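Quick notes on the structure that follows.
Shown next as structure tokens:
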């Protein structure tokens, strides 16, 4: 509340004054001694504070100067400042009292005394706030009564900055105190953990564990608040680092307790206990490092944490960005080698996915074929670069070569995603059976069988390591670091548990009658299932639901055919396995759809829910049918071939119902999806048209968009080729625009690009344009927007020429700009003409589409592409003129402003609440979820 009031008061006073002039004394403020305790000042603190206050001024100062014309209005601002200072002092006093109460609960006198030094600092800072507020009040009243006195304005501004400095220091020290509380609890937890390891009786273990548990509960509460603060301030990595370390601590605790009790009765399990305690100590160390903002080697926040993960997606992204360039920038000796090497790295990693054990043979063949076609497409593109080298614009052949490379990459990506899901679907199909089988034989005390269940080819270790391998494989096509971190973190936890679970099973095998060993095994089973479930959810976040449903349909068909063959041949074990696979895949579909309902459009969510409910019912009926079938096969060893065929056909009918239910879910999800966004091996029932379109009251004769959907496939293909070339140019424009600063010219160019995109959608029978008249109106709108862009660009060029007369480079650039603007005007006229010829697409009386003007459709797409190219070139030249040859005018025609970074504002502005009151009048107390200190997280000093 207080900061906006300050800047409302002094925004017009301090303009043109250097903020750092008021920062000179800040270093002394941070290094003063309070009660014998010195606050350390790092070298980067003062620059950080300067940046913070510069940001505060820029963010909070109103866009227009505030002119206080009367004493009454000025006094209102002063009163508001006094009111907000009073609120701040009250809340700060409550915070100090709460912290003193927390300190008095501490048993350790040394820690208590150290914490009191922080509180004394807070009291001194609050005293300074009160003192400065008194002087600020007098200076503010004096200023508003004499606005033309520069001395009074400077005094008010200086005092406002001093007050802000003290408030910033208060937040900073209060935050340090919060972190200090957590770190002292971590130190206490380490001590209690050491005592727990040295406990010699069950009673002593229970006592030490209870103390440790209570301390960790307090750490848990404090850490959750800390994570919420970090995430609310958009320090996602910092918040996730603390949360990851905290999760390690929580997951280690049950294992520590279980192994400590077990080792009392089975001393030979000491290594297991030591490993659990070591993991706990390391987890506490990582938590402390995360709270300190340090990054331990290999920790969650370290740069090396993601090494080896998500590399194929990064290679594809680099390649896609690299192969599209203006012909004038192409250099054979540099670009050819770079592109070919990048492609070979992609091919190598793609081959690795194709060679995975669960990748289907057909998918492997498609991946290899797409890699070869991509190689060929790249060579064709490089040949076109050689032909067009030195030209400013691309030729049509070169555009088609680029388009071919883009298509091949898209197809390769699709097959790679599906291959990954092949492996994920098989590996995560049954996550518990190997573990349960190992536990079962261990409880019987059968050492050879336990060893085989643990280390055999179908044993627990092989299965567990496969889960981790496939989880890593699932990141290959992901470009989101935070999701990859989640996979890596979950995989590491599973990997750590593998040897411990096996050791617990072997211990149980050696002591099958030991209740302690059995309890330890049960604890390990629960922990394992929990961590594997977390890994499953993390992997599920990387998988597209569309891809998963498409691949699952194919897998269900495979399983059904295998089961049918096994039924006819009397292979009961294979039938049982296939039925389990079908059931598992369907339940996985059900779970993934339920988890994804929030991402599905409101218009179809109820349909998807109903389809998912039907699937669950079909699965239940399938379970009953398969159970009865297995009983028949077990009892009917002498069944005839005819009887088996009958059973197989009934089973196939049951599987068909399952497949239909899954396909209905997929159709329900895709029904309102743009056909361009659907990337599938399998067709679906609808053609991408929404139900609203089908029930449209516009007749087919008037709705020419609908007729475009009925064009012959050959004509659609011709149009699609042209549209994809346009999309390629549009993509290049969007990539370049993202790197430019914002301006009126760029806004107009984006508007033109948006309208052109709608016209391209019309040629494919979709989008918001329904008729020829809509296209004509759009072309007229483009002309008007283009005229505005031309006027702005020419005015900007004239201003630059006046300010930089005689500059030859400017003259050349301006001449190029004029050329592109002339082309843009020409192409706008051409587009307008093409839109009128569109009426030649008609519907005959027999329902057949008569295309008497297909050439005009292709001409329209060509004109749109040419116009887009001219617009992009004009914007490029405008940007160069505006930034390299700035105008001396105080108010230039075009101002390019850098886009604001996506971060949380340092101070949240008041906003109207639902009840009509201003949000700025709400008092933020300590229990609030949002706390102010994370906004100053750049400060890294700590108390000694």
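Residue numbers (the working numbering): 4 to 947. The C-beta atom is built at its ideal place from N, Cα and C for all residues, glycine as well. Here the structure is a predicted model, which means the values were calculated and not measured.
#1: In whole angstroms, what is the alpha-carbon distance linking residue 105 and residue 484?
#2: Who are the Cβ neighbours of residue 328 in its own chain at under 7 Å, not counting the five residues just before and after it?
#3: For residue 437, is the classification buried or exposed, using 16 other Cβ atoms within 10 angstroms of its Cβ as the cut-off for buried?
#4: Which whole runs of the alpha helix (DSSP H) in the segment 522-589 are 4 residues long or more, in chain order?
#5: Let me confirm a value: residue 164 is counted as buried when at least 16 other C-beta atoms fall within 10 Å, else exposed. Which label applies?
#6: DSSP state of residue 666, grouped into three classes?
#7: Using only alpha-carbon positions, find the residue among 875, 884, 749 and 735 that is nearest to residue 323.
#8: With a 10 Å radius around its C-beta and 16 neighbouring C-beta atoms as the bar for buried, classify residue 79 as buried or exposed.
#9: Using the rule of at least 16 other Cβ atoms within 10 Å of the residue's Cβ for burial, across every protein chain shown, is residue 151 buried or exposed?
#10: According to DSSP, simplified to helix, strand and coil, what is residue 401?
#11: Can you say whether residue 249 is buried or exposed, counting buried as having 16 or more other CB atoms within 10 angstroms of its CB?
#12: The alpha helix (DSSP H) spanning residue 888 covers which residue range?
#13: Measuring straight from C-alpha to C-alpha, what distance separates residue 215 and residue 202?
#14: Give every residue of the same chain whose Cβ lies closer than 7 Å to the Cβ of residue 61, excluding the five residues on either side of it in the sequence, and list them in chain order.
#15: Quick one: using the 10 Å Cβ neighbour count with 16 as the cut-off for buried, is residue 512 buried or exposed?
#16: In terms of residue numbering, what span does the alpha helix (DSSP H) encompassing residue 334 cover?
#17: Is the beta carbon of residue 404 less than 9 Å from the beta carbon of residue 380?
#18: Helix, strand or coil: which one does DSSP assign to residue 766?
#19: For residue 269, does the three-state DSSP call read helix, strand or coil?
#20: Just to confirm before moving on: does the CB-CB distance between residue 412 and residue 467 stay below 9 Å?
#21: Flag this pair as touching only if the segment 754-771 and the segment 714-728 have three or more C-beta atom pairs under 8 Å; answer yes or no.
#22: Any contact of the segment 81-89 with the segment 135-154, i.e. 3+ C-beta pairs under 8 Å?
#23: Can you give the Cα-Cα distance for residue 571 and residue 630, rounded to whole angstroms?
#24: Use the C-beta contact count for residue 390: other C-beta atoms within 10 angstroms, 16 or more gives buried, fewer gives exposed.
#25: Might you give, ordered along the chain, the residues of its own chain that have their beta carbon closer than 7 Å to the beta carbon of residue 554, omitting 5 neighbours on each side?
#26: With residue 132 and residue 170 assumed to form a contact (beta carbons below 8 Å), what rounded beta-carbon distance in angstroms separates them?
#27: Run through DSSP, which three-state label would residue 396 get?
#28: So the candidates are 346, 393, 362 and 365; which of them puts its Cα closest to the Cα of residue 382?
#29: How is residue 866 classed by DSSP in three states: helix, strand or coil?
#30: So the candidates are 166, 144, 115 and 118; which of them puts its Cα closest to the Cα of residue 136?
#31: Identify which residue in 161, 548, 870 and 781 has its Cα closest to the Cα of residue 822.
#32: Should the segment 583-594 be regarded as contacting the segment 452-465, the criterion being three or more beta carbon pairs within less than 8 Å?
#33: According to DSSP, simplified to helix, strand and coil, what is residue 831?
#34: For residue 146, does the count of other Cβ atoms within 10 angstroms reach 16, so buried, or fall short, so exposed?
#35: From residue 595 to residue 613, what distance separates their C-alpha atoms?
Short version:
#1: 38 Å
#2: none
#3: buried
#4: 548-572
#5: buried
#6: helix
#7: 735
#8: exposed
#9: exposed
#10: helix
#11: buried
#12: First-last for residue 888: undefined, no H or E at that position.
#13: 13 Å
#14: Low confidence applies here, because residue 61 scores a pLDDT of 47, under 50, leaving its location unreliable; read the following figure in that light. No residues qualify anywhere along the chain.
#15: buried
#16: Note, residue 334: premise wrong, no alpha helix (DSSP H); not H, not E.
#17: yes
#18: helix
#19: coil
#20: no
#21: yes
#22: yes
#23: 17 Å
#24: exposed
#25: 421, 424, 425 and 428
#26: 7 Å
#27: coil
#28: 346
#29: helix
#30: 166
#31: 870
#32: no
#33: helix
#34: buried
#35: 15 Å
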